[in-house]
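Asks:
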Amino acid sequence: AALIEPMACAIHTVRRGDIELDDVVVIAGAGPLGLCMVQVAHLKTPKKLVVIDTMDDRLALAKAFGADVVINAAQEDAIAIVKSMTDGYGCDVYIEATGAPIGVTQGLEMIRKLGRFVEFSVFGKETTADWSIIGDRKELDIRGAHLGPYSYEIAIDLFARGLLTAKGVVTHFYSIDEWKAAFEMAKSLDSIKVVIKP
Numbered sequence: 001a002a003l004i005e006p007m008a009c010a011i012h013t014v015r016r017g018d019i020e021l022d023d024v025v026v027i028a029g030a031g032p033l034g035l036c037m038v039q040v041a042h043l044k045t046p047k048k049l050v051v052i053d054t055m056d057d058r059l060a061l062a063k064a065f066g067a068d069v070v071i072n073a074a075q076e077d078a079i080a081i082v083k084s085m086t087d088g089y090g091c092d093v094y095i096e097a098t099g100a101p102i103g104v105t106q107g108l109e110m111i112r113k114l115g116r117f118v119e120f121s122v123f124g125k126e127t128t129a130d131w132s133i134i135g136d137r138k139e140l141d142i143r144g145a146h147l148g149p150y151s152y153e154i155a156i157d158l159f160a161r162g163l164l165t166a167k168g169v170v171t172h173f174y175s176i177d178e179w180k181a182a183f184e185m186a187k188s189l190d191s192i193k194v195v196i197k198p
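Everything in the sequence shown is counted per UniProt numbering, starting at 1 for the first residue and increasing by one.
1. Write down every uninterrupted run of the alpha helix (DSSP H) in the region 123 to 196 whose length is 4 residues or greater and which is fully enclosed by it, in chain order.
2. Please name the residue in L49, A182, I11 and S188 whose C-alpha comes closest to that of residue 237.
3. For a test of the three-state rule: what should DSSP assign to K113, helix, strand or coil?
4. Across the region 31 to 38 and the region 51 to 61, are there enough close Cβ pairs to call them in contact, namely three or more that are closer than 8 Å?
5. What's the call for S121, buried or exposed, on a 16-neighbour Cβ count within 10 Å?
6. Below 8 Å on the Cβ atoms is my guess for A2 versus V25; work out the distance and round it to an integer in Å.
7. Taking the continuous beta strand (DSSP E) assigned at D53, which residues delimit it?
8. Does the Cβ-Cβ distance between M110 and I79 come in under 8 Å?
9. Identify the residues that DSSP records as bridge partners of V93: which are they?
10. Can you tell me which of the three DSSP states I19 falls into?
11. My assumption, with CB atoms under 8 Å, is that S151 sits in contact with A8. Please give the rounded CB distance.
12. What whole-angstrom Cβ distance do I196 and Y174 have, given they're in contact under 8 Å?
13. Verify whether the separation of the beta carbon atoms of L61 and L163 is less than 8 Å.
14. Rounded C-beta distance between K113 and K138? I'm assuming under 8 Å.
15. For G34, report the span of its alpha helix (DSSP H) as first-last.
Encoded structure:
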């Protein structure tokens, strides 16, 4: 139940990408929401599902959830890898879920002409984009995604049918009496999603 709201957000975000069967889809960011998006995007059966992050344990989880290719952007050139695997064209759909400005600029570089760029993140600082790439050079479709409208029933149904899972995304459970420890763990990189059980 703790993942129904995040999964609804993931469903809405993935739907905004209008993923087709022959699309190469990149999800940038393998945090709790990004990992939910990986599960949902996998159900859309794109030609190739690529996940980018800087933490190997989260990339391993993304692979377990159906990613075909995982890229550690701290160690590899994500743009070069995606361009190489698409004969230089770039990905068809780029879903930005990093919350970091580099996620935007990286996406604009690796997406193909007429691609669909879905922005989910909320940024902690000002983020800029090269509008010449968006308009003149690539004619991109830029789409925002906010919350999970009309997606809660879908999330509940997909969980009930065993097509989605919280295993791996929810990494720690605490009792209500352990709330302080739970909040500390939630702030650390040792957790993905923390649940407090009443």
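Beta carbons are placed, not taken as given, at the ideal position from N, Cα and C, and that holds for glycine.
Replies: In this structure, then:
1. 152 to 160 and 179 to 187
2. Residue coverage of the chain in this structure runs from 1 to 198, which leaves residue 237 outside it and unanswerable.
3. strand
4. yes
5. Its Cβ being crowded by 16 or more others within 10 Å, S121 is buried.
6. The pair is not a contact, with the Cβ atoms about 26 Å apart (cut-off 8 Å).
7. Annotation for D53: the continuous beta strand (DSSP E) segment containing it runs K48 to D53.
8. Taking C-beta atoms as the reference points, M110 and I79 count as a pair closer than 8 Å.
9. According to DSSP, which records beta bridges pairwise, V93 is partnered with V25 and R116.
10. coil
11. 4 Å
12. 5 Å
13. No, Cβ-Cβ distance for L61 and L163 is not below 8 Å.
14. Going by Cβ atoms, the distance from K113 to K138 rounds to 5 Å, so yes, they are a contact pair.
15. P32 to L43
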